[in-house]
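Note that the numbering used here has the sequence shown beginning at 27, numbered continuously upward.
Where is the CB? At the ideal position from N, CA and C, for every residue including glycine.
Written out below as structure tokens is the structure these notes cover.
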Amino acid sequence: MEKNQDFSTYLTEKLNQNDLDAYSQKLNSLNQDVNIRLEVFLTAKKKYHHQLITRHEYQQAKTSYQEAKANYQELIKIKAFKNNLTNINGLLKATPQSDPSYQTVVNEQKAAQKLYTEFKEVVKSQGRWGNLEKLSSTAVEIKNLAFRYDEDQPLVLDDINLKINHGEYVAIVGHNGSGKSTLSKLLIGVLQPDEGSIKIFGNLMQDSNVEKVRQFVGIVFQNPDNQFIGSTVQDDIAFGLENHRVDPELMPEIIHRSATRVGMENFLDKEPLMLSGGQKQRVAIASTLALDSDIIIFDEATSMLDPKGRREIKEIMVNLKNEGQKTILSITHDMDEILNASKVMVMNQGKLVRFGDPATVMGDKEFLRSIGLELPFVSMVEDALNNKGIKVQEGAKNLAELVDHLCTLK
Ligand code: ADP
């Protein structure tokens, strides 16, 4: 592996644009190197878990990745461009204005200042792990979004416009094939829009920053078995942290804290075999909490669970909503779940046909029926009672509220 000495020993000489270009190229190549070795390491980890390779082979892949990462980090930390500026600042201070070389030094100082600013930009844009800032409190802003899988196919998403504030819990409902999963793939950058734009916390998603924008978005998928990669619960959570280059020393505390939030702190040493589907999904949620994703997408995360598991996950989602620190987008067929949400998006044939609070959206029962959606269970009961002439107050969020409303009947 190449070393960085050409840059770390830099610098008794003044630096210029060529040096920065060379630095930028080198950083880019080391960055790619880390990514390649990371892929190899992650694959090796899975294979080792399934006993397809030896521990030694696994260790080799791990060491190789760690070396590449260390090399990269070393290069990011170099002080050369800063020292270059400090030196010339010193020289400028020591040069009296009357000195014939004064103007030259002033120009050199300006050039060094500019070079240092550009250096920081290079690190920010090519240092894959430089974090993006939140430029807005709007977690997701979608404008005129259109997408199709093939040019000769119809639009799968057609002129979607919406804004979701940070802290909202949005349930996304719609018939199969209405475009819900496609939307989630666009939000995590797996697909790119054909038209329109997606901003995450004010950052426009584009090819060049997809990886970074993803720092804001975690996703929990439908199948709990496909999400478990580690050989134990703590390994599994650690896996995501390694992937995001979290300092290993900080990991145990982060793992414990996030597992505690989903009630899995006593299962850290357990293997996936020992866990129920609901528990595996809780671990998947813990992983996104560990990464501190501000937005969590649940892509039918409860649909393969038994009633108990489903209840557990829904409870966690409601807790997260109440804490107000996360934006939750939940694609769901569970019409009862939407009563927990702060807003509901109804998708139909690629279009966003309703977007509002659950009571309003659920109030339009005829419309929901016309696009083939079921009503939540409590709404159906309310309907049936009203049809029988029992005028119960509408809009109960759950069975308990419905019972309360029934008890107030005279
Ligand atoms: P939903 O999640 O609401 O069920 P999807 O986003 O999965 O809807 O699908 C929307 C439409 O896009 C459907 O007509 C589906 O057949 C089509 N589709 C989904 N994935 C692909 C793909 N990989 N290639 C081509 N068409 C696809």
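Quiz item: Can Phe-6 and Leu-141 be called in contact, C-beta distance under 8 Å?
Solution: Because residue 6 is not part of the residues shown, which for the chain are 27 to 436, the question remains open.
Quiz item: DSSP beta-bridge partners for Arg-380?
Solution: Among the bridge pairs identified by DSSP, Arg-380 is matched with Val-372.
Self-check item: Best match in His-359, His-82, Gln-77, Lys-95 for proximity to Asp-273 [C-alpha to C-alpha]
Solution: For Asp-273, the closest of His-359, His-82, Gln-77, Lys-95 by C-alpha to C-alpha distance is Lys-95.
Quiz prompt | Buried versus exposed, by CB contacts within 10 Å (16 or more), Met-27 | solution = With a pLDDT of 36 at Met-27, under the threshold of 50, the modelled position of this residue cannot be trusted, and the question is left open.
Quiz item: Helix or strand or just coil, what does DSSP make of Gly-350?
Solution: Coil.
Quiz item: Going by other Cβ atoms of all chains shown within 10 Å of its Cβ, with 16 needed for buried, is Thr-143 buried or exposed?
Solution: Burial call: exposed.
Practice problem: Ignoring anything shorter than 4 residues or poking outside the stretch 224-296, list the alpha helix (DSSP H) runs there in chain order. | Solution: At a cut-off of 4 residues, the continuous stretches assigned as alpha helix (DSSP H) that sit fully inside the stretch 224-296 are 236-239, 259-269, 277-287.
Quiz item: In chain order, which continuous runs of the alpha helix (DSSP H) of length 4 or greater are located wholly inside the stretch 41-105?
Solution: Runs of the alpha helix (DSSP H) lying entirely within the stretch 41-105 and spanning at least 4 residues, in chain order: 43-75, 81-102.
Exercise. Please classify Ser-34: does DSSP put it in a helix, a strand, or coil?
Key: No answer about Ser-34 holds up, because its pLDDT of 44 lies below 50 and its placement is not dependable.
Exercise. Report, in whole angstroms, the separation of the C-beta atoms of Val-182 and Leu-213, which I expect to be a contact under 8 Å.
Key: Going by Cβ atoms, the distance from Val-182 to Leu-213 rounds to 14 Å, so no, they are not a contact pair.
Self-check item: Beta-carbon gap between Val-370 and Pro-384 smaller than 8 Å
Solution: Taking C-beta atoms as the reference points, Val-370 and Pro-384 count as a pair closer than 8 Å.
Exercise. Kindly indicate which residue of Asn-348, Ser-356, Lys-377 has the alpha-carbon position closest to the one of Thr-24.
Key: Nothing can be reported for residue 24: it is not among the residues displayed for the chain, which extend from 27 to 436.
Practice problem: Kindly identify the DSSP beta-bridge partner or partners of Thr-164. | Solution: Answer by DSSP bridge pairing, in chain order: Asn-191.
Exercise. Please work out which residues of its chain come closer than 8 Å, Cβ to Cβ, to Leu-294, disregarding the five sequence neighbours upstream and downstream, and give them in chain order.
Key: So the list reads Thr-258, Val-259, Gln-260, Ile-281, His-282, Ala-285, once near-sequence residues are dropped.
Quiz item: Can you tell me whether DSSP reads Lys-169 as helix, strand or coil?
Solution: In the structure shown, Lys-169 sits in a strand (DSSP, three-state: E or B).
Self-check item: Cβ separation of Met-330 and Asn-249, assumed to be a contact under 8 Å, to the nearest whole Å
Solution: Right, their Cβ atoms sit about 6 Å apart.
Exercise. Determine the direct distance from the alpha carbon of Asp-409 to that of Glu-420, and round the result to whole angstroms.
Key: When rounded, the separation of the alpha-carbon atoms in Glu-420 and Asp-409 is 8 Å.
Exercise. Starting from Asp-409, trace the alpha helix (DSSP H) both ways and give me its first and last residue.
Key: For Asp-409, the uninterrupted alpha helix (DSSP H) run begins and ends at 403-413, by DSSP.
Quiz item: Of all the options Val-131, Gln-123, Ile-186, Asp-125, which has the alpha carbon lying nearest to the alpha carbon of Asn-115?
Solution: Closest by alpha carbon: Val-131.
Quiz item: What is the C-beta distance between Tyr-98 and Asn-57, in whole angstroms, given that I count them as a contact (C-beta under 8 Å)?
Solution: Contact holds; Cβ gap of about 6 Å.
Quiz item: Per DSSP, what kind of secondary structure is Leu-432 in: helix, strand or coil?
Solution: If DSSP states are grouped into helix, strand and coil, Leu-432 belongs with the helices.
Quiz item: What residues match up with Glu-221 in a beta bridge as DSSP calls it?
Solution: According to DSSP, Glu-221 bridges with Ala-172.
Self-check item: DSSP three-state assignment for Gly-203, whether helix, strand or coil
Solution: Annotated three-state conformation of Gly-203 is coil, per DSSP.
Practice problem: May I ask whether a heavy atom of the ligand ADP can be found less than 7 Å away from the beta carbon of Gly-389? | Solution: Flag unset: Cβ of Gly-389 not near the ligand ADP.
Practice problem: Could you spell out where the alpha helix (DSSP H) holding Thr-311 opens and where it closes? | Solution: Just to set this straight, residue 311 is Ile in the shown sequence, not Thr. Unbroken alpha helix (DSSP H) run through Ile-311: 303-316.
Exercise. Starting from Asp-325, follow its DSSP beta bridges and name the residues at the other end.
Key: Note: Asp-325 sits in a beta bridge opposite Ile-357.
Quiz item: In chain order, what residues of the same chain lie with their CB nearer than 8 Å to the CB of Asp-362, ignoring the 5 residues before and after it?
Solution: For Asp-362, where only same-chain residues beyond five positions count, the Cβ hits under 8 Å are Pro-402, Phe-403, Val-404, Asn-424.
Practice problem: Measure the Cβ-Cβ separation of Val-288 and Ala-312 and say whether it is below 8 Å. | Solution: Closer than 8 Å, so yes.
Quiz item: Helix, strand or coil: how does DSSP classify Met-27 here?
Solution: Any reading at Met-27 must be qualified, since the residue scores a pLDDT of 36, below 50, and its modelled position is unreliable; the value itself is stated next. Annotated three-state conformation of Met-27 is coil, per DSSP.
Quiz item: Would you say Met-330 touches the ligand ADP, meaning its beta carbon is less than 7 Å from a heavy atom?
Solution: Residue side-chain check: Met-330 keeps its Cβ at 7 Å or more from all non-hydrogen atoms of the ligand ADP.
Quiz item: Which residues does DSSP pair with Val-196 in a beta bridge?
Solution: Checking the DSSP bridge columns, you'll see Val-196 partnered with Leu-355, Lys-369.
Quiz prompt | 8 Å Cβ cutoff, Ala-310 in contact with chain B | solution = Looking at the structure shown, chain B is missing, and only one protein chain is on hand.
Quiz item: Any contact of the stretch 204-211 with the stretch 225-236, i.e. 3+ C-beta pairs under 8 Å?
Solution: No: fewer than three Cβ pairs fall under 8 Å.
Self-check item: Span of the alpha helix (DSSP H), counted from its first residue to its last, around Lys-417
Solution: Where Lys-417 is concerned, there is no enclosing alpha helix (DSSP H), given that its DSSP letter is neither H nor E.
Quiz item: Does the beta-carbon of Tyr-175 have 16 or more other beta-carbons within 10 angstroms, so that it is buried, or is it exposed?
Solution: The residue is exposed, with fewer than 16 neighbouring Cβ atoms inside 10 Å.
Quiz item: In chain order, what are the residues with a CB under 5 Å from some non-hydrogen atom of the ligand ADP?
Solution: Working through the chain, the matches are Tyr-175, Val-182, Asn-202, Gly-203, Ser-204, Gly-205, Lys-206, Ser-207, Thr-208.
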